[in-house]
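Chemist: In the working numbering, the protein residues as written are 179 to 320.
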């Protein structure tokens with residue numbers, strides 16, 4: 179009986195703890211941005227390989243994805259869907275992966291100590307000191 183109550187409490191509190199963890203330290207008093215993409219768990223090439231692009235959502239507003247040259251994954255790496263709070267490996271915290279044309283996508287400039295990093299069809303806002311992902315724009319590129 180006690181075990182069942184403990185499990186129910188953990189299940190009830192898990193979403194609140196997960197959404198607050200790590201975000202508050204980078205955005206005191208703020209609320210996490212709404213980050214959605216048109217293809218949850220979609221294919222590595224984005225939602226429209228070979229076809230016309232759709233759109234992606236950023237902070238509740240739709241944007242057109244940006245056509246960019248093909249993303250070349252380092253040896254041993256393939257597409258994976260990064261989430262806010264995950265830690266990006268140091269390999270990707272290099273100018274080769276930084277994305278400086280953020281204004282063309284309609285996303286804000288990175289704050290000091292952060293960089294927008296391209297990972298396949300997605301754009302990640304990363305704390306370059308810790309590698310922690312602070313924001314994600316899924317399907318930003320095709």
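Note that the Cβ used here is the ideal one computed from N, Cα and C, for glycine as well.
All values reported here derive from a predicted model rather than from experimental measurement.
Give the straight-line distance between the Cα atoms of residue 239 and residue 250, rounded to the nearest whole angstrom.
Modeler: Those two C-alpha atoms are separated by around 29 Å.
Chemist: For residue 283, which three-state DSSP category applies?
Modeler: In the structure shown, residue 283 sits in a helix (DSSP, three-state: H, G or I).
Chemist: Between 265, 255, 274, which lies nearest to residue 296 when the distance is taken from Cα to Cα?
Modeler: Nearest C-alpha to residue 296: 274.
Chemist: At which residue ranges does the stretch 239-282 contain complete alpha helix (DSSP H) runs of 4 or more residues, listed in the order of the chain?
Modeler: Correct list: empty.
Chemist: Going by CA-CA distance only, name the one from 269, 282, 292 that's closest to residue 253.
Modeler: The option with the nearest alpha carbon to residue 253 is 269.
Chemist: Does the distance from the C-beta atom of residue 272 to that of residue 311 stay below 8 Å?
Modeler: No. Outside cutoff.
Chemist: Can you tell me which of the three DSSP states residue 306 falls into?
Modeler: In the structure shown, residue 306 sits in coil (DSSP, three-state: anything other than H, G, I, E or B).
Chemist: At a Cβ threshold of 8 Å, is residue 241 touching chain C?
Modeler: Structure shown: chain C not included; a single protein chain is present.
Chemist: Buried or exposed: which applies to residue 318, given that a residue is buried once 16 or more other Cβ atoms fall within 10 Å of its Cβ?
Modeler: By the neighbour-count rule (16 or more Cβ atoms within 10 Å), residue 318 is buried.
Chemist: Going straight from the alpha carbon of residue 284 to that of residue 241, what length do you get?
Modeler: Taking the straight line from one Cα to the other gives about 8 Å.
Chemist: Just how far apart, CA to CA, sit residue 281 and residue 237?
Modeler: Each residue's alpha carbon lies about 15 Å from the other.
Chemist: For the ligand NAD, is there a heavy atom less than 7 Å away from the beta-carbon of residue 295?
Modeler: With respect to the ligand NAD, the structure offers nothing, as it holds no ligand at all.
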